[in-house]
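In our numbering, the protein residues as written are 20 to 211.
Dropping the structure here:
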């Protein structure tokens, strides 16, 4: 496993431009952060599906102003507590997985960020990234309060039990309010 994290760290180093006058935020683009999130979620998704647990972590600038991520932290079936990071780090985004599907509950769907996901990122003042059992890749924008689909089914490895609901396809974007309504009223995502 350490070889995989070494490869991820090398990929991250290649994605990070050299430090220039400590203006790291000026050099940061969504594309760079998306690429880092994709790299770490690829590994976290494999762990998540193999162990049927959520995995989570952070993307941040470290004390040397280098963009990096924490190793995926193992959670439980329904949640994950992100790791502690040094006070010198500047958090940019969280990332997490939604684990594998439960064969005893085939109707359960974890293909959207949950209201808890939105609230925790908002409370921390960071954006978020999510991979789902179907292999979807979501971006949680806490400033504009929207979730945006960056990659559809199979973008990441999918759970072997996942079956696409072709009668109720997901949209490419939802507002936070949409997510709260879906949960509060127990709606399918296509019933909005």
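All C-beta atoms, glycine included, are put in the ideal place defined by N, C-alpha and C. Note that this is a predicted model, so its numbers are computed, not measured.
Cβ of residue i within 9 Å of any chain C Cβ
| i | result |
| --- | --- |
| residue 174 | Among the protein chains of the structure shown there is no chain C, as only one such chain exists. |
Cα-Cα separation, residue i to residue j
| i | j | result |
| --- | --- | --- |
| residue 128 | residue 204 | 15 Å |
| residue 168 | residue 108 | 28 Å |
| residue 33 | residue 123 | Confidence in residue 33 is poor, its pLDDT being 40 and thus under 50, which makes the residue's placement unreliable; the coordinate value appears in the next sentence. Roughly 43 Å separates the two Cα atoms. |
| residue 119 | residue 54 | 23 Å |
| residue 101 | residue 94 | 8 Å |
| residue 40 | residue 84 | Any reading at residue 40 must be qualified, since the residue scores a pLDDT of 44, below 50, and its modelled position is unreliable; the value itself is stated next. Rounded to whole angstroms, residue 40 to residue 84 spans 10 Å at the Cα level. |
Residue closest to residue i, alpha-carbon to alpha-carbon, out of the options
| i | options | result |
| --- | --- | --- |
| residue 97 | 107, 109, 121, 103 | 121 |
| residue 79 | 73, 56, 71 | 56 |
| residue 143 | 157, 151, 162, 153 | 162 |
| residue 77 | 64, 179, 65, 92 | 92 |
| residue 196 | 70, 73, 208, 63 | 208 |
| residue 200 | 132, 151, 183, 186 | 132 |
9 Å Cβ cutoff met for residue i and residue j
| i | j | result |
| --- | --- | --- |
| residue 68 | residue 130 | no |
| residue 165 | residue 192 | yes |
| residue 60 | residue 156 | yes |
| residue 111 | residue 149 | no |
| residue 105 | residue 82 | yes |
| residue 181 | residue 153 | yes |
| residue 159 | residue 147 | yes |
| residue 113 | residue 145 | yes |
Status (buried if at least 16 other CB within 10 Å, exposed otherwise) for residue i
| i | result |
| --- | --- |
| residue 137 | buried |
| residue 223 | With the chain covering 20 to 211 only, the question about residue 223 has no answer from this structure. |
Any chance you could list the beta strand (DSSP E) runs of at least 3 consecutive residues sitting entirely within the stretch 38-110, in chain order?
-> 74-80, 86-88
Whole alpha helix (DSSP H) runs in the stretch 126-202 with 4 or more residues, listed along the chain?
-> 134-143
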